[in-house]
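Number of protein chains: 2
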Amino acid sequence: MSSPTEQATPVQDHSEPAAAADSPTEGTGRFLDSDLTHQVHFLTSRARGRGISHANGQLEGLDLKVRQFSVLSLAASGMNPSQRELGEFLSLDPSQIVALVDHLEQRGAVRRETDPRDRRSKIIVATEAGQQLHGQALKILEDSEDHTLSTLSPRERKQLRSLLLKIAF
Amino acid sequence: MSSPTEQATPVQDHSEPAAAADSPTEGTGRFLDSDLTHQVHFLTSRARGRGISHANGQLEGLDLKVRQFSVLSLAASGMNPSQRELGEFLSLDPSQIVALVDHLEQRGAVRRETDPRDRRSKIIVATEAGQQLHGQALKILEDSEDHTLSTLSPRERKQLRSLLLKIAF
DNA sequence: CCATACCGTTGAGAAAGTCAATGATGTAGA
DNA sequence: TCTACATCATTGACTTTCTCAACGGTATGG
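Going down the list, the sequences are from chains A and B. Under the working numbering, residue 169 is the last one in the first sequence; the count climbs by one each step, no gaps. Under the working numbering, residue 338 is the last one in the second sequence; the count climbs by one each step, no gaps.
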């Protein structure tokens, strides 16, 4: 199908009406038909980029990023994750977890507690202040997500979450 | 403010059966119920990470990454994108586009052609070799995506693409 | 002609990702 | 018990990606 015959398509061939200036989707919308737009990794990348960017902006007031929130969230869950577990679940290198936990610990949001069953591993738990911070951030993130998914019906949002869950693990 | 009241859920409270060693989802599956797992940005991040990681692995033989492919793909589309348009559509800084195009150009996969209508902008077009490379990569990426979405039915895949498309733009 | 805006490019620095090595600790077998 | 080996958190080095400011060449509108 994709045998690239001599169709080199010179530039002057892109005959677009000179009135392209007032196109509807502000210029790059013409790529919406491209092959790329059908690739799931491209769509997830873009969706993620937009969502995270907006979320980070909204979290600015708390001086927190989604990256840090994800660690705080698990720490505040009462599930007592170890750093290794955090790394695995969040798809982050152990060394990155160290930096993240360092930051949250200096901020007084989490504590490192040595696991009595395995003194090599450290359990990350949220402090009282951390719980509070998590609560505030969660609220903001819910609003942010609501904004990101504003073009989706409640039913579609549920579907999306369900589908993503299936391919995320 | 941050007086840590002694209610901090001590570690020995995480009473888990000692037989946890043979748990089904290899350890971190116990976080699947956490709040985080309900957040779309977390799910998209994980899904994207897994997908791109696998895709990049499969593309290794072509010495190509999805990042570079996305540029090549638009260059090979016959839509004559300018670098600015590439940046906007791919959510990348213009300076990153320069590097990406430089690399593909040195490889002989794309050409920069000055737009006769606006000599500031450069149109990126795929060479013959670039078209061929794109064809091979596309095939590999389709297989990779098939692998990433293996837990989804054809109908679900279509739904997913449709939903992602709605929130990606 | 002039001021202003835009495009690609360069360079610098921050953030994020990857990898190897180490000390402390746990585990299993001789 | 002693010994070899594996695992966890940590550090450090390095690469990749992101973000931003500046600059030359070009376009646009007065």
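Where a beta carbon is used, it is the ideal one built from N, C-alpha and C, also for glycine. Keep in mind the model is a prediction, meaning the values are calculated, not measured.
Spatial neighbours of proline 323 of chain B within its chain, please: C-beta separation below 8 angstroms, excluding the five flanking residues on both sides. Looking up residue 323 of chain B in the second sequence gives position 154. Excluding positions up to five away in sequence, the list is empty.
Taking CB distances under 8 angstroms as the criterion, tell me whether histidine 316 of chain B reaches chain A. Along the second sequence, read from residue 1 onward, the residue named residue 316 of chain B stands at position 147. Closer than 8 angstroms: no.
Under a three-way DSSP split, which group does arginine 119 of chain A fall into? By one-based count along the first sequence, residue 119 of chain A stands at place 119. Looking at arginine 119 of chain A - three-state DSSP - the assignment turns out to be coil, as it is neither helix nor strand.
With alanine 129 of chain A and leucine 62 of chain A assumed to form a contact (beta carbons below 8 angstroms), what rounded beta-carbon distance in angstroms separates them? Taking the first residue of the first sequence as position 1, residue 129 of chain A is located at position 129. Taking the first residue of the first sequence as position 1, residue 62 of chain A is located at position 62. For a cut-off of 8 angstroms, the C-beta gap from alanine 129 of chain A to leucine 62 of chain A is around 12 angstroms, too long to register as a contact.
Below 6 angstroms CB to CB, which residues in the same chain sit around glutamine 58 of chain A once its five sequence neighbours on both sides are set aside? Along the first sequence, read from residue 1 onward, the residue named residue 58 of chain A stands at position 58. For glutamine 58 of chain A, where only same-chain residues beyond five positions count, the Cβ hits under 6 angstroms are Ile140 and Ser144.
Give the straight-line distance between the Cα atoms of leucine 164 of chain A and leucine 212 of chain B, rounded to the nearest whole angstrom. The sequence position of residue 164 of chain A within the first sequence is 164, counting from 1. The sequence position of residue 212 of chain B within the second sequence is 43, counting from 1. Their backbone Cα atoms lie some 6 angstroms apart in a straight line.
Taking C-beta pairs closer than 8 angstroms, name the residues in chain A that aspartate 138 of chain B reaches, listed in chain order. Since the first and last residues shown for chain B are 170 and 338, residue 138 of chain B lies out of range.
Which runs of the beta strand (DSSP E) at least 3 residues long sit entirely within the region 48–108 of chain A? Give them in chain order. Counting only runs of 3 or more, we get nothing.
Helix, strand or coil for threonine 127 of chain A, going by three-state DSSP, please let me know. Here residue 127 of chain A refers to the residue found at position 127 of the first sequence. In this structure, threonine 127 of chain A counts as coil in the three-state DSSP scheme.
Which term fits lysine 291 of chain B, buried or exposed, when burial requires 16 or more other beta carbons within 10 angstroms of its beta carbon? Your numbering for residue 291 of chain B matches position 122 in the second sequence. The residue in question, lysine 291 of chain B, is buried, as its Cβ has 16 or more Cβ neighbours within 10 Å.
By DSSP, does threonine 320 of chain B sit in helix, in strand, or in coil? As a position in the second sequence, residue 320 of chain B is number 151, starting the count at 1. Coil, per DSSP.
Touch check for the region 260–271 of chain B and the region 232–245 of chain B: three-plus C-beta pairs under 8 angstroms? Touching, yes, given that three or more Cβ pairs across the two stretches are closer than 8 angstroms.
Rounded separation between alanine 339 of chain B and glutamate 142 of chain A - CA only: Residue 339 of chain B is absent from the model: chain B starts at 170 and stops at 338.
Counting only C-beta atoms, is valine 110 of chain A closer than 8 angstroms to chain B at any point? Indexing the first sequence from 1 puts residue 110 of chain A at position 110. No - not a single Cβ of chain B is within 8 angstroms of the one on valine 110 of chain A.
Look at leucine 32 of chain A and phenylalanine 200 of chain B and say whether their C-beta atoms are less than 8 angstroms apart. Position 32 of the first sequence, counted from the first residue, corresponds to residue 32 of chain A. Position 31 of the second sequence, counted from the first residue, corresponds to residue 200 of chain B. Not in contact: leucine 32 of chain A and phenylalanine 200 of chain B (Cβ atoms no closer than 8 angstroms).
Would you grab the beta carbon distance between leucine 152 of chain A and lysine 335 of chain B for me? Rounded to a whole angstrom, and I think it's under 8 angstroms. If you number the first sequence from 1, residue 152 of chain A lands on position 152. If you number the second sequence from 1, residue 335 of chain B lands on position 166. Cβ atoms of leucine 152 of chain A and lysine 335 of chain B come within 8 angstroms of each other, at about 6 angstroms.
Can you name the residues that DSSP bridges to valine 40 of chain A? Numbered from 1 along the first sequence, position 40 holds the residue referred to as residue 40 of chain A. Under DSSP, valine 40 of chain A forms no beta bridge with any residue.
Can the beta-carbon of valine 40 of chain A be found closer than 8 angstroms to that of leucine 302 of chain B? Translated into positions along the first sequence, residue 40 of chain A becomes position 40. Translated into positions along the second sequence, residue 302 of chain B becomes position 133. No; because the gap between Cβ atoms is not below 8 angstroms, this pair is not in contact.
Residues in the region 212–241 of chain B with C-beta within 8 angstroms of chain A's C-beta atoms, listed in sequence order? So the list reads Leu212, Thr213, Ser214, Arg215, Ala216, Arg217, Gly218, Arg219, Gly220, Ile221, Ala224, Val235 and Ser239, given in the order they occur along the chain.
For valine 71 of chain A, I'd like the list of residues in its chain whose CB is within less than 8 angstroms of its CB, leaving aside the five on either flank, ordered along the chain. Here residue 71 of chain A refers to the residue found at position 71 of the first sequence. Apart from the 5 residues on each side of it in sequence, valine 71 of chain A sits with its Cβ closer than 8 angstroms to the Cβ of Leu86, Leu90, Ile97, Leu100, Val101, Leu104, Val110 and Ile124 in its chain, given in chain order.
Whole angstroms are fine: how far does the CA of glutamine 83 of chain A sit from the CA of arginine 117 of chain A? Numbered from 1 along the first sequence, position 117 holds the residue referred to as residue 117 of chain A. Numbered from 1 along the first sequence, position 83 holds the residue referred to as residue 83 of chain A. Roughly 15 angstroms separates the two Cα atoms.
Which residue comes first and which comes last in the beta strand (DSSP E) that contains threonine 114 of chain A? If you number the first sequence from 1, residue 114 of chain A lands on position 114. Element bounds for threonine 114 of chain A: 110–114.
Same chain only: Cβ atoms within 8 angstroms of leucine 205 of chain B, ignoring 5 sequence neighbours per side: The residue you call residue 205 of chain B lines up with position 36 of the second sequence. Phe211, listed in sequence order.
Closest Cα partner of isoleucine 52 of chain A within the set A:Thr127, A:Glu88 and A:Leu149: Taking the first sequence and counting its residues from 1, the one referred to as residue 52 of chain A is at position 52. The candidate whose alpha carbon is nearest that of isoleucine 52 of chain A is A:Leu149.
Once DSSP output is grouped into helix, strand and coil, what is the label at serine 331 of chain B? Against the second sequence, residue 331 of chain B aligns to sequence position 162. The answer is helix: DSSP assigns serine 331 of chain B an H, G or I state.
Looking at serine 34 of chain A: is its Cβ nearer than 8 angstroms to the Cβ of methionine 248 of chain B? As a working mapping, residue 34 of chain A is identified with position 34 in the first sequence. As a working mapping, residue 248 of chain B is identified with position 79 in the second sequence. With respect to the 8 angstroms criterion, serine 34 of chain A and methionine 248 of chain B are classified as neighbours on the basis of their beta carbons.
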